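Novice: Before I ask anything, let me first share the structure, which is written out below as structure tokens.
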Amino acid sequence: MYERLAVRKTYKLYLGGAFPRSESGRSYPVRTAGGEFLANAAQASRKDARDAVVAARKAFPGWSAATAYNRGQVLYRVAELLEGRREQFVEEVAAGEGAATTVARSQVDAAIDRWVWYAGWADKLASVAGSTNPVAGPYFDFSLPEPTGVVAVLAPPTSSLLGLVSVLAPVIVTGNTAVVVADEAAPLPAVTLTEVLATSDVPGGVVNLLTGRVAELAPPLASHRDVNAMDLAGAPAEAVAELERAAADNVKRVLRPDPDPDWSAEPGLRRMLAFVETKTVWHPIGL
Amino acid sequence: MTTTAAGLTDVTASAAALRRFLFGLPGVDQVGAELRTATLATRSVKTTAKLALLDTAVRMIDLTTLEGADTPGKVRALCAKARRPDPEDPTAPPVAAVCVYPDLVTPAVEALRGSGIAVASVATAFPSGRASLATKLADVADAVRAGATEIDMVIDRGAFLAGRYSDVYDEIVAVKHGCGGAHLKVILETGELATLDNTRRASWLAMLAGADFIKTSTGKVSPAATAPVALVMLEAVRDFAAATGTAVGVKVAGGVRTTKDALRYLVLVHETTGDDWLTPDRFRIGASGLLNDLLMQRTKQRTGAYAGPDYYTLD
Amino acid sequence: MPTSSHLDFDYAPAPESRAVVSLRSSYGLFVDGRFTAGSGPTGKTVNPATEEVLAEVETAGPADVARAVAAARRAQTEVWGPMAPAERAKYLYRIARLVQERSRELAVLETLDNGKPIRESRDLDLPLVAAHFFYYAGWADKLPYAGFGPAPQPLGVAGQVIPWNFPLLMAAWKLAPALATGNTCVLKPAETTPLTALHLAELLQQAELPPGVVNVLTGAGETGRALVGHPGVDKVAFTGSTEVGKEILRTLAGRRTRLTLELGGKAANIVFDDAPIDQAVEGIVQGIFFNQGHVCCAGSRLLVQESVAEELLGRLKRRLATLRLGDPLDKNTDIGAINSAEQLARIRELTDAGDAEGAARWSPPCELPDRGYWFPPTVFTGVTQAHRIAREEIFGPVLSVLTFRTPDEAVEKANNSPYGLSAGVWTEKGSRILAIAARLRAGVVWANTFNRFDPASPFGGYQESGFGREGGRHGLAAYLDV
Chain C
2 MYERLAVRKT YKLYLGGAFP RSESGRSYPV RTAGGEFLAN AAQASRKDAR DAVVAARKAF
62 PGWSAATAYN RGQVLYRVAE LLEGRREQFV EEVAAGEGAA TTVARSQVDA AIDRWVWYAG
122 WADKLASVAG STNPVAGPYF DFSLPEPTGV VAVLAPPTSS LLGLVSVLAP VIVTGNTAVV
182 VADEAAPLPA VTLTEVLATS DVPGGVVNLL TGRVAELAPP LASHRDVNAM DLAGAPAEAV
242 AELERAAADN VKRVLRPDPD PDWSAEPGLR RMLAFVETKT VWHPIGL
Chain V
3 MTTTAAGLTD VTASAAALRR FLFGLPGVDQ VGAELRTATL ATRSVKTTAK LALLDTAVRM
63 IDLTTLEGAD TPGKVRALCA KARRPDPEDP TAPPVAAVCV YPDLVTPAVE ALRGSGIAVA
123 SVATAFPSGR ASLATKLADV ADAVRAGATE IDMVIDRGAF LAGRYSDVYD EIVAVKHGCG
183 GAHLKVILET GELATLDNTR RASWLAMLAG ADFIKTSTGK VSPAATAPVA LVMLEAVRDF
243 AAATGTAVGV KVAGGVRTTK DALRYLVLVH ETTGDDWLTP DRFRIGASGL LNDLLMQRTK
303 QRTGAYAGPD YYTLD
Chain F
5 MPTSSHLDFD YAPAPESRAV VSLRSSYGLF VDGRFTAGSG PTGKTVNPAT EEVLAEVETA
65 GPADVARAVA AARRAQTEVW GPMAPAERAK YLYRIARLVQ ERSRELAVLE TLDNGKPIRE
125 SRDLDLPLVA AHFFYYAGWA DKLPYAGFGP APQPLGVAGQ VIPWNFPLLM AAWKLAPALA
185 TGNTCVLKPA ETTPLTALHL AELLQQAELP PGVVNVLTGA GETGRALVGH PGVDKVAFTG
245 STEVGKEILR TLAGRRTRLT LELGGKAANI VFDDAPIDQA VEGIVQGIFF NQGHVCCAGS
305 RLLVQESVAE ELLGRLKRRL ATLRLGDPLD KNTDIGAINS AEQLARIREL TDAGDAEGAA
365 RWSPPCELPD RGYWFPPTVF TGVTQAHRIA REEIFGPVLS VLTFRTPDEA VEKANNSPYG
425 LSAGVWTEKG SRILAIAARL RAGVVWANTF NRFDPASPFG GYQESGFGRE GGRHGLAAYL
485 DV
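So the protein lines, in turn, are chains C, V and F.
Take my numbering: the last position of the first sequence gets the number 288, and nothing is skipped along the way.
Take my numbering: the last position of the second sequence gets the number 317, and nothing is skipped along the way.
Take my numbering: the last position of the third sequence gets the number 486, and nothing is skipped along the way.
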């Protein structure tokens with residue numbers, strides 16, 4: 002008797018709601034922490050990065066104009082689906098990070114809970130970060146946070162799901178659209194996350210995932226003039242300065258990497274506020 | 003936005019057309035209008051320019067008494083003041099007109115004969131305007147018969163606020179007819195119209211109906227003349243002249259007590275309609291106490307010494 | 005009825021007295037509570053309305069920058085940081101009061117050094133300067149309530165580089181929130197307008213502000229570069245051109261230095277056919293001719309609905325003919341001098357490009373003084389999105405007029421720019437205002453008004469107009485470790 006042969010999954014990119022291979026035709030082997038082969042991941046090219054930005058830009062008007070309540074509902078739905086794939090994530094995190102199953106399980110649980118936490122902010126951030134401003138004149142004056150636009154996110158290494166969720170959720174809950182470069186060494190949970198997103202109500206293009214070499218993908222995103230902001234959480238320390246210099250060209254908002262991130266800590270507002278713009282509106286008060 | 007001259011012939015053809023026209027006028031943003039007048043209030047008028055403006059302001063005054071206690075004697079005294087405002091200074095010009103109730107037109111006409119100073123009379127059940135059209139027309143006829151050459155009528159604010167614009171229009175047309183050759187000033191009583199949008203609509207309504215002047219207020223309602231109201235009315239006459247070629251005058255009345263107030267209005271005229279309106283034919287100030295303040299400033303400009311009220315007559 | 009010809013009236017000259025200012029013949033730096041010599045080249049600051057030299061000004065070299073940063077560090081760690089917040093608040097209140105007491109002097113000085121009309125420096129700049137210090141004074145001992153956690157901390161030493169268009173107001177915008185949050189400051193005013201910042205320093209001495217809490221370094225770009233790049237600076241705040249902003253971004257790349265930028269703009273002022281038209285005309289004038297158009301948030305692109313374009317332009321031109329250009333110290337002057345020969349050259353270059361690219365130039369009859377730097381109020385019609393005068397910041401009294409047909413087209417054109425500082429929208433329809441305001445990619449949207457400022461109101465840009473906010477509760481974040 003043969004044991005049943007498993008049907009393996011092909012890990013692809015996620016661009017504009019579709020799962021293409023890299024236009025370059027390249028892939029790279031993903032191994033466990035112990036060096037065993039896990040799968041081949043697509044090795045995205047600069048052109049894939051460009052396509053991802055196009056998809057994110059296209060999705061921005063719709064996603065940013067959705068009501069905050071709607072965004073919150075859509076993102077909560079993602080958490081429900083994540084919960085359903087809990088065991089798969091535990092396996093992938095354990096394999097990719099070389100973590101014990103119990104550790105991986107707590108990572109996955111924390112990631113799902115974090116997603117829920119952020120989903121709830123959708124219709125609350127404006128109340129906390131916005132204001133009515135008591136100006137010295139007959140004007141009604143208010144300020145509101147608005148999404149910055151297309152945000153390129155370099156997902157952090159060593160925390161392939163919790164870290165990823167911790168940088169992605171704050172970007173999209175505020176109405177931005179994202180181009181994510183997955184952790185190079187452990188990209189599989191990220192790809193699985195996009196499969197969850199694809200079956201959720203998150204519109205195609207709101208999240209776009211690139212797997213591959215960070216050193217290859219980060220520079221074109223940093224210099225891309227249609228990218229409004231960048232989270233350098235996963236940038237190698239030696240590359241940060243060069244990426245910031247490239248990002249200066251269109252005055253990108255850049256969130257610098259935390260030298261010693263603790264993804265299990267309560268995140269606070271910082272990552273959401275990094276990718277919103279405050280808009281102030283004045284109107285006269287008269288009869 | 004503003005209509006063309008050709009369009010204006012049709013706008014009074016029906017109540018509906020008139021209403022449509024008035025509601026098609028551009029809105030007025032109150033805060034913006036107040037900001038504009040506040041900025042213009044910082045204009046500084048100095049030296050020769052100030053002296054010329056002071057004399058112009060005197061010549062624009064409708065010297066007014068509208069009290070229940072008015073008597074022929076009071077009116078005669080006012081007329082003497084109108085002819086020669088500053089007994090010590092013959093260069094002080096006379097005022098534009100003396101403004102009284104209809105029953106006191108006769109003594110005013112007698113006292114002003116040969117002076118070139120007009121006699122204006124309020125009419126149409128001033129100040130409330132709450133009487134029948136027949137009564138209002140009789141009021142006008144009395145004043146005209148007694149020799150008034152200018153009639154200051156009040157519009158029916160109740161009708162205006164109730165949206166019966168064509169009633170207001172028709173009444174003005176009827177009064178205009180009753181004026182004969184007398185000039186008609188239409189008092190909008192903007193303090194009761196409450197909004198600057200209403201001020202603009204009422205201004206156009208009055209001009210369409212044949213007003214020679216549009217006037218802010220009776221002086222019996224607060225607020226009376228204000229700078230934003232005057233601004234909107236000046237914009238209206240400016241735009242009406244551009245659309246029709248007819249220049250209508252503006253009269254501010256009520257609350258204009260100091261030289262500073264008066265000069266601010268003249269600055270408003272200069273900046274809004276241009277200097278074509280800086281003449282008594284097109285701009286008037288209804289006031290009484292203002293005159294002495296202007297005279298005191300005038301003396302200060304001429305002599306360099308500050309004046310005192312004891313040197314100016316109280317009539 | 006008396007008949008008489010009308011009066012040809014013009015305002016006689018009404019100059020504000022210069023006597024209220026005692027100008028020194030030369031000025032130095034303000035470091036560690038004292039006025040000192042500078043090791044950089046000595047420059048001159050001129051009155052742009054007359055080209056008269058107002059004073060010699062010493063400038064800061066690298067050694068002076070180091071000295072000032074060290075003084076600021078000392079003051080922050082030893083005095084200003086540890087000080088009870090309520091005491092810091094009282095210093096700021098004191099400064100606000102001193103500004104009010106000396107406001108006429110500072111207004112005249114600003115007008116002399118900058119060329120802006122005294123009406124604006126007196127009625128706008130100075131009241132806002134005092135208001136800004138008052139506003140942030142009150143925050144100093146209330147930071148735990150500002151929504152940044154229970155104990156937000158200052159960043160340390162702030163290096164602040166400010167422009168020449170609102171010299172003292174920009175100093176207040178930078179200093180007040182920084183000081184309220186417990187930071188100390190090294191401020192570099194623009195080289196063409198250093199005087200009010202130096203008089204402010206003297207005022208800080210009167211306030212007995214501890215030495216080193218605020219230092220003022222005069223100088224040009226070199227001084228600014230030295231300050232921004234100094235490793236002892238924890239926070240850089242810059243207001244100025246987008247070009248220099250990008251240079252600063254590159255300088256600070258890879259460092260931990262915090263940064264906020266308030267850069268250029270090319271604001272669209274959108275007028276719909278149902279606008280309150282007379283106020284819209286005023287708003288257009290206020291939008292682009294305020295401060296000679298030397299305003300980063302100036303409404304330099306007028307987008308007018310085609311159905312009302314002709315009428316609006318007629319009204320606008322009539323209004324522009326009443327603008328009074330001339331002696332900035334005259335209380336009736338609306339348009340003062342261009343701040344520098346260099347800026348004048350830039351305005352000329354861009355307007356010449358407007359001519360060359362086929363736009364139609366119009367200016368009201370307007371006599372320019374013989375001496376000084378002047379440019380008449382100018383309107384270009386027939387401008388398209390492709391023209392340089394529709395894309396580049398002119399920073400002068402030059403309005404580019406474009407038309408649109410539908411709300412979508414208006415928004416599309418308004419947003420079609422790498423900038424995103426401000427925008428205007430004029431319509432009597434409330435729901436349209438809110439819809440358009442939501443879709444405009446700009447940090448400040450003025451609806452049925454323009455160029456209003458208040459210390460309680462956050463101000464700052466999207467995209468290449470910079471990031472971070474000045475004013476309001478939001479303005480605190482720029483100087484707190486949050």
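Note that the Cβ used here is the ideal one computed from N, Cα and C, for glycine as well.
Given the structure is predicted, the values throughout are model-derived calculations rather than measurements.
For a contact meaning CB atoms closer than 7 Å, what does V/Thr-58 contact in chain F?
Specialist: Within the second sequence, numbered from 1, the residue matching residue 58 of chain V stands at position 56. The answer, in chain order, is Leu-11.
Novice: Starting from F/Glu-314 and walking both ways along the alpha helix (DSSP H), at which residues does that stretch end?
Specialist: For the purposes of this step, residue 314 of chain F is identified with residue 310 of the third sequence, where counting begins at 1. Element bounds for F/Glu-314: 310-324.
Novice: Report yes if the CB atom of F/Phe-457 is closer than 8 Å to the CB atom of F/Arg-473, and no otherwise.
Specialist: As a first step, residue 457 of chain F is located in the third sequence; it is residue number 453 there, counting from the start. As a first step, residue 473 of chain F is located in the third sequence; it is residue number 469 there, counting from the start. Not closer than 8 Å, so no.
Novice: For the stretch 15-32 of chain V, list every residue whose C-beta sits within 8 Å of some C-beta in chain F, in sequence order.
Specialist: Taking 8 Å as the Cβ-Cβ cut-off against chain F, the residues of the stretch 15-32 of chain V that qualify are Pro-28, Gly-29, Val-30, Asp-31.
Novice: Do V/Gly-251 and V/Arg-284 have their C-beta atoms within less than 8 Å of each other?
Specialist: In the second sequence, residue 251 of chain V corresponds to position 249, counting from 1. In the second sequence, residue 284 of chain V corresponds to position 282, counting from 1. Yes; because the gap between Cβ atoms is below 8 Å, this pair is in contact.
Novice: If you measure between the beta carbons of F/Gly-258 and C/Glu-245, is that distance less than 8 Å?
Specialist: As a first step, residue 258 of chain F must be located in the third sequence, where it is residue number 254. As a first step, residue 245 of chain C must be located in the first sequence, where it is residue number 244. Yes, they are a contact pair.
Novice: Between V/Leu-42 and F/Gly-186, what straight-line distance do the alpha-carbon atoms span, to the nearest angstrom?
Specialist: The residue labelled residue 42 of chain V in the question sits at position 40 within the second sequence. The residue labelled residue 186 of chain F in the question sits at position 182 within the third sequence. Taking the straight line from one Cα to the other gives about 42 Å.
Novice: With DSSP run on the structure shown, which of helix, strand or coil describes V/Lys-217?
Specialist: For the purposes of this step, residue 217 of chain V is identified with residue 215 of the second sequence, where counting begins at 1. Here V/Lys-217 sits in strand by DSSP.
Novice: Spatial neighbours of V/Ala-226 within its chain, please: CB distance less than 7 Å, with the 5 preceding and 5 following residues excluded, ordered by chain position.
Specialist: In the second sequence, the residue the question calls residue 226 of chain V occupies position 224. Here the set comprises Gly-193, Thr-218, Ser-219, Ala-255, Gly-256, Gly-257.
Novice: Per DSSP, what kind of secondary structure is C/Met-273 in: helix, strand or coil?
Specialist: Taking the first sequence and counting its residues from 1, one reaches residue 273 of chain C at position 272. Helix at C/Met-273.
Novice: Closer than 8 Å, CB to CB, is F/Ile-281 near chain V or not?
Specialist: Reading the third sequence from its first residue, position 277 is the one you call residue 281 of chain F. Yes, its Cβ sits closer than 8 Å to a Cβ of chain V.
Novice: Using CA coordinates, which residue listed in C/Gly-164, C/Tyr-77, C/Arg-32, C/Val-208 is at the minimum distance from C/Arg-58?
Specialist: Along the first sequence, read from residue 1 onward, the residue named residue 58 of chain C stands at position 57. Minimum Cα distance to C/Arg-58 is reached at C/Val-208.
Novice: I'd like the list of long-range same chain contacts for F/Pro-17, defined as Cβ closer than 8 Å, with 5 residues on each side in sequence excluded.
Specialist: Indexing the third sequence from 1 puts residue 17 of chain F at position 13. So the list reads Asp-331, Asp-334, once near-sequence residues are dropped.
Novice: Exposed or buried, what is V/His-179 when buried is set at 16 or more other beta-carbons lying within 10 Å of its beta-carbon?
Specialist: For the purposes of this step, residue 179 of chain V is identified with residue 177 of the second sequence, where counting begins at 1. Answer is exposed; the Cβ neighbour count stays below 16.
Novice: For chain F, check one thing: does any of its Cβ atoms lie closer than 8 Å to the Cβ of V/Thr-5?
Specialist: Locating residue 5 of chain V in the second sequence gives position 3, counting from the first residue. For V/Thr-5, the predicted model reports a pLDDT of 41, less than 50, meaning its position is unreliable; a value from the coordinates is still stated below. Answer no: the Cβ-Cβ gap between V/Thr-5 and chain F never drops below 8 Å.
Novice: Output the boundary residues of the alpha helix (DSSP H) element that contains V/Lys-138.
Specialist: Taking the first residue of the second sequence as position 1, residue 138 of chain V is located at position 136. Note, V/Lys-138: alpha helix (DSSP H), 135-147.
Novice: Ends of the alpha helix (DSSP H) at V/His-179?
Specialist: By one-based count along the second sequence, residue 179 of chain V stands at place 177. Unbroken alpha helix (DSSP H) run through V/His-179: 167-181.
Novice: Please report whether the beta-carbon of F/Arg-123 lies at a distance below 8 Å from any beta-carbon of chain V.
Specialist: Along the third sequence, one-based indexing puts residue 123 of chain F at 119. With 8 Å as the cut-off, F/Arg-123 counts as an interface residue toward chain V.
Novice: At least one CB of chain V closer than 8 Å to the CB of C/Pro-135: is that the case?
Specialist: As a first step, residue 135 of chain C must be located in the first sequence, where it is residue number 134. Output row for C/Pro-135: interface = no.
Novice: Any beta carbon from chain C within less than 8 Å of V/Gly-193's own beta carbon?
Specialist: Here residue 193 of chain V refers to the residue found at position 191 of the second sequence. Not one chain C Cβ lies under 8 Å of V/Gly-193.
Novice: From C/Leu-165 to C/Asp-232, what distance separates their C-alpha atoms?
Specialist: Indexing the first sequence from 1 puts residue 165 of chain C at position 164. Indexing the first sequence from 1 puts residue 232 of chain C at position 231. So the alpha carbons of these two residues sit roughly 11 Å apart.
Novice: Kindly list, in the order they appear in chain C, the residues whose Cβ is closer than 7 Å to that of V/Val-197.
Specialist: Residue numbering aside, residue 197 of chain V sits at position 195 when the second sequence is read from its first letter. Looking at the sequence itself, residue 197 of chain V is Thr, so the reference to Val does not match. Residues of chain C passing the Cβ test: Leu-288.
Novice: Since C/Arg-115 is in the alpha helix (DSSP H), which residue starts that stretch and which ends it?
Specialist: Numbered from 1 along the first sequence, position 114 holds the residue referred to as residue 115 of chain C. Start and end: 102-122.
Novice: Distance check for C/Gly-176 and C/Ser-144, CA to CA, integer angstroms please.
Specialist: In the first sequence, residue 144 of chain C corresponds to position 143, counting from 1. In the first sequence, residue 176 of chain C corresponds to position 175, counting from 1. Rounded to the nearest angstrom, the two C-alpha atoms are 17 Å apart.
Novice: Would you tell me roughly how many angstroms separate the C-alpha atoms of C/Gly-97 and C/Ala-234, rounded to the nearest one?
Specialist: As a working note, residue 97 of chain C is residue 96 in the first sequence. As a working note, residue 234 of chain C is residue 233 in the first sequence. Taking the straight line from one Cα to the other gives about 19 Å.
Novice: Which residues of chain C have a Cβ atom closer than 7 Å to the Cβ of F/Asn-452, listed in chain order?
Specialist: Locating residue 452 of chain F in the third sequence gives position 448, counting from the first residue. Near F/Asn-452 (Cβ distances below 7 Å), the residues of chain C are His-284, Pro-285.
Novice: Measure from the C-beta of V/Ser-123 to each C-beta in chain F and report whether the shortest distance is under 8 Å.
Specialist: Position 121 of the second sequence holds residue 123 of chain V. It does not: the Cβ of V/Ser-123 has no partner Cβ on chain F nearer than 8 Å.
Novice: Report the option in F/Ala-341, F/Asp-36, F/Gly-287, F/Gly-142 whose CA atom is closest to the CA atom of F/Leu-480.
Specialist: Counted from its first residue, the third sequence places residue 480 of chain F at position 476. Among F/Ala-341, F/Asp-36, F/Gly-287, F/Gly-142, the Cα nearest to that of F/Leu-480 is on F/Gly-142.
Novice: With DSSP as the reference, label F/Ser-29 as helix, strand or coil.
Specialist: For the purposes of this step, residue 29 of chain F is taken as the residue at position 25 of the third sequence. Reduced to three states, the DSSP call for F/Ser-29 is coil.
Novice: Starting from V/Lys-52, trace the alpha helix (DSSP H) both ways and give me its first and last residue.
Specialist: Position 50 of the second sequence, counted from the start, is the residue given in the question as residue 52 of chain V. Run containing V/Lys-52: 49-61, per the alpha helix (DSSP H) assignment.
Novice: Compare the C-beta of F/Pro-156 against all C-beta atoms of chain B and say whether one is closer than 8 Å.
Specialist: Considering every chain present, this structure includes no chain B. Its protein chains are C, V and F.
Novice: Using the three-state DSSP reduction, which class does F/Trp-430 fall into: helix, strand or coil?
Specialist: Sequence index remark: in the third sequence, residue 430 of chain F carries index 426 (1-based). Strand at F/Trp-430.
Novice: So which residues of chain C does V/Gly-34 contact, with C-beta pairs closer than 7 Å?
Specialist: In the second sequence, the residue the question calls residue 34 of chain V occupies position 32. Within 7 Å Cβ-Cβ: Pro-285.
Novice: Got a sec: which bits of the stretch 105-139 of chain C sit with their beta carbon under 9 Å from any beta carbon on chain F, in order along the chain?
Specialist: Flagged, chain order: Val-129, Ala-130, Ser-132, Asn-134, Pro-135, Val-136, Ala-137, Gly-138.
Novice: Out of F/Glu-124, F/Pro-368, F/Asp-282, F/Gly-358, point me to the one whose CA is closest to F/Leu-324's CA.
Specialist: Here residue 324 of chain F refers to the residue found at position 320 of the third sequence. The option with the nearest alpha carbon to F/Leu-324 is F/Pro-368.
Novice: For C/Leu-14, which three-state DSSP category applies?
Specialist: Along the first sequence, read from residue 1 onward, the residue named residue 14 of chain C stands at position 13. Correct three-state label for C/Leu-14: coil.
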